[in-house]
Structures are given as C-alpha cells and as structure tokens.
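The block underneath contains the structure these notes are about, expressed in structure tokens.
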Amino acid sequence: MKRNKMLDFVITNLEKLNENEPVLGKDEYFKSEKLEYPEVYAMILLSYYYLFKKEKDNKWKKKAEKFIDRLISLSIKKDNTICWGLPYDWGVTEKNDGFLITTVFSLRALAKWNSEFSYKYLDVIEKAINWIFGLLYYDENIKENAFYYSPKLKENIYIATSLACGILLESGQYLWKRQKENLISVVMGLIKVQNKKGFWKYSVNNPTVDLLHQSYTCEGLLLSASRLKRDLKEKVFKSAIKGVEFMDKYMFNSYIETYFFRLFDNVEFNVKLKHLLFRIFFKKKFRLSRAWSFGAFLRVHTLLEAFGITIPIKLEEILKTIESQLFQNGDFRYNKLDDSVYIRQQAHVWYSLVNYLYFRDMEENMCL
0 MKRNKMLDFV
10 ITNLEKLNEN
20 EPVLGKDEYF
30 KSEKLEYPEV
40 YAMILLSYYY
50 LFKKEKDNKW
60 KKKAEKFIDR
70 LISLSIKKDN
80 TICWGLPYDW
90 GVTEKNDGFL
100 ITTVFSLRAL
110 AKWNSEFSYK
120 YLDVIEKAIN
130 WIFGLLYYDE
140 NIKENAFYYS
150 PKLKENIYIA
160 TSLACGILLE
170 SGQYLWKRQK
180 ENLISVVMGL
190 IKVQNKKGFW
200 KYSVNNPTVD
210 LLHQSYTCEG
220 LLLSASRLKR
230 DLKEKVFKSA
240 IKGVEFMDKY
250 MFNSYIETYF
260 FRLFDNVEFN
270 VKLKHLLFRI
280 FFKKKFRLSR
290 AWSFGAFLRV
300 HTLLEAFGIT
310 IPIKLEEILK
320 TIESQLFQNG
330 DFRYNKLDDS
340 VYIRQQAHVW
350 YSLVNYLYFR
360 DMEENMCL
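Residue numbers (numbering that gives the first Met the number 0): 0 to 367.
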C-alpha cells in the first residue's frame, strides 16, 4: 500500500523507544510533571503486536516483552486481583486506585501477546478479570448488568463499560460461561441507554457527548458484536453503526470535540437550553477535537471496514485530517491550535495508526 511520511514517522518512533528505560511524559490532566502511565504501555504493546503480526519480525516481540514487564510493575495488586490506574489523584480517586478503562486496555495488551509467550501471563490476565468482574452490579434503572468505573467512583461510565465488554468478550477463552452471560446483559444495557439520535451520554449524571468517548463506546460494541451469535450480533452492530453515523454527521467535519444539543434532542430541557446559549454566545470557545479523539475515530472506522461494513466517510479522509491538522515534527499536537504534546494522547494515536496499517494491509493481501 502507499505509505506516507506520518505513518513512517510513527513506526520509526515506536522502534526508537528504549525498552530498558521508562516512557515518561506529561498528561492533559497533569501537566506539571512527566510521569509513567500504564495506559501508554498498553497502547505501545498493542502497536507492537500488530507490527509483529504485519511484519513477522521478532524485534517487536523482544521489545514487547520488556514493556510487558514495565506494565505489570505498575499494576496494583490486592488479594487475588490486579488492576491499573493513573499515577496521580483524579476526582474522588487516588493514584493507587484502579480504573476500569485503564485495566481493560492493559488486559487487552496482555491477552494479545499471551500466546506468543507460551501463556506465561495467564495468572495476571485472570487476576485482572477477577478485578473487573468485582465492579459488576445490577442496574435497577435499566434492568441489566453494568460496571462501576472504579471501587470509589461507583458510576456506570458508558465508554469504559462498553470497552470492558468488547475486550472481555474478545478474550473469551479466559472467561467462564456465567461471565459471558453477564457481559451480554451489560451490552444490552448499553443499547437501552443509547439516545434515539444515536449518541450515548458520558454517564447517567453527565450529559456530555464528545468525539473521543462516543468513538470508544462504538469501538467496544463493535468488538462485542464480533463475538456474539447471529441474532445478538446484528442488534449490537446496528446500535454501533447508528452511533458512528451520528459522529460522521455531527462531529467529524466540524472539528468540534463536544456535541451541543439541539432543542429537539431527547435530553433534559435545561441541558438543551444551556447548550443553545453556548452556541449563540460562546462559539469561539468550543473545544476543538483532540488528536486522541481522531485516533479513536479512525479505530472505529478501521473496525467497520475490517468487518466489511461500508459507510460514507472513508479511512483516507480521517487519515488526511490527522496528518494535516495535528501532525507536526513527528508528534501529534493536542489539537490544530494547541501544540502541546501529551504522552497518553501520543500512544493512542500511534496504536490507531498501526491498527489502520495492519488491517489495510490484511485487506489488500486478501484481494491478491
């Protein structure tokens, strides 16, 4: 396939990472100090996995083994569980608390590599799954199962819940039958709370709809659908595609991170009124879409294409947007007007682009 400078830069940067040194960087939510993030290692490991599968070169496997050790060293171990979180306090949580989304990203990286290393990470994987299912609860409002975001933040944050379902079902060989049944209930709950227009709010208590988290929710549902039986598969695919079509119509071309509700949207009136006033008086203050968000958006569209689902926006359009608006001197700036470089954002975009490369090459090879 035709390569470009940005994709070559990403592969070069991943190859240059020193597996014997920690990967440090600033974060959008913690700018005062460069820190080490489990989520960064998870994204690096997923990038290495797809480069290894694509190129059949053991250099990626050798680097991955060292970074897996770093990822595990940052885990939080308690009783028969393992989880991962942030290296700083966030909201009601502390730096030694685990988060659902960080743990499922880490789980996915370990599950992808486990068979390549003779299943030596099986114990860590099983303990991570134990921790995740410790967050499972029955939501009386939707009459389905759901996940809390963390032991201290007892809220069903839909993006994390969706990714948890998709990644756990993708790792189905490590699950019990009852666990799979519980996950199907969680997926059905996500479909129930989807707005008829196609979006999900951040959570019950937070009406925010943005490109990053909408992309995550759709990604999780697409991963779930790929592991379900025919009748459920079609229902979940339909929900995810509706979510992607919403993003394509209202969010991608505007470069605006947050969707602002219209008067006819099915949400609380006071929320709609607040958003209407923002659109009228503070339009210039709208937050522009982050590189991280476009990376997640690219992953969703890559998945759709891998599943043979065609919708109007093409992968090349998204790739061109990332390159023209956000790629600068080998890094990805925060948004097209902010040159800040944050390490978690970099790692997510690296993985999204490698994921794109892998599936595009696989698709072309199938056509030969």
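By construction, the Cβ of each residue, glycine as well, lies at the ideal position given by its N, Cα and C atoms.
Within the same chain, K33, L34, Y36, V39, V340, Y341, I342, R343 and Q345 come within 8 Å of G24 by CB-CB distance, once the 5 residues on both sides are set aside.
Using a Cβ distance threshold of 9 Å, V91 and L162 do not count as a contacting pair. Check the Cα spacing between D68 and each of F98, H212, W112 and I310: the tightest is with W112. DSSP lists F29 as the beta-bridge partner residues of D26. Taking every protein chain shown into account, the CB of Q193 has 16 or more other CB atoms within 10 angstroms, so this residue is buried. For the pair of segments examined, the region 127–141 was found to touch the region 173–190: the number of CB pairs separated by less than 8 Å reaches three.
Counting only residues of its own chain and dropping the five nearest sequence neighbours on each side, D338 has a CB closer than 6 Å to the CB of R332. Rounded to whole angstroms, the separation of the alpha carbons of K142 and E322 is 44 Å. The C-beta separation of A127 from F146 comes to about 13 Å, leaving the pair out of contact by the 8 Å criterion. For N144, the beta-bridge partners assigned by DSSP are Y137. The secondary-structure analysis by DSSP pairs Q327 across a beta bridge with D330. Judged by their CB atoms, Y350 and R298 are nearer to each other than the 9 Å cut-off. Cβ contact annotation for S238 (same chain, cutoff 8 Å, sequence separation greater than five): L189, I190, Q193 and L220, in chain order. Looking at the DSSP output, T80 shares a beta bridge with K77. Between the region 240–248 and the region 211–228 there are three or more inter-stretch CB-CB distances shorter than 8 Å, so the stretches are counted as touching. Minimum Cα-Cα distance from L70 among the listed residues I43, E54, Q172 and W89 corresponds to I43.
Approximately 6 Å separates the beta-carbon atoms of K196 and D264; this is inside 8 Å, confirming the contact. Using a Cβ distance threshold of 9 Å, E304 and R226 do not count as a contacting pair. About 23 Å separates the beta carbon of T216 from that of Y173, a gap too long to meet the 8 Å contact definition. Straight-line spacing of the CA atoms in I166 and V186 works out to 12 Å. The shortest C-alpha to C-alpha distance from D360 to any of A41, E54, V9 and G171 is the one to E54. Here D88 has K94 as same chain residues with Cβ atoms under 8 Å from its own Cβ, once five neighbours each way along the sequence are excluded. Note on geometry: alpha-carbon atoms of I255 and F198 lie some 15 Å from one another. Exposure of I310 is indicated by the presence of fewer than 16 other C-beta atoms within 10 angstroms of its C-beta.
By the Cβ-count criterion, Q213 is buried, with 16 or more other Cβ atoms from all chains shown falling within 10 Å of its own Cβ.
With a 10 Å radius around the Cβ and a threshold of 16 neighbouring Cβ atoms, N140 comes out exposed.
When the beta-carbon positions are compared, A63 and F104 stay at least 9 Å from each other. Note on K76: under 16 other CB atoms within 10 angstroms of its CB, so exposed under the neighbour-count rule.
Along the length of the region 190–237, whole alpha helix (DSSP H) runs at least 4 residues long occupy 210–224, reported in chain order.
Judged by beta-carbon spacing, V353 lies within the 9 Å limit of V9, meaning their Cβ atoms are closer than that value. Inter-residue distance for T257 and L211 is about 9 Å (C-alpha atoms, whole angstroms).
Contact between F51 and E18 is ruled out by a C-beta separation of about 14 Å, above the 8 Å threshold.
Going by C-alpha positions, T101 is about 24 Å away from K61. Rounded to the nearest whole angstrom, the CA to CA distance from Y357 to L272 is 44 Å.
Residue environment analysis places R289 among the buried positions, since at least 16 neighbouring C-beta atoms fall within 10 angstroms of its C-beta.
Separation of the CB atoms of N144 and S184 is rounded to 4 Å, and the pair is thereby assigned contact status at 8 Å.
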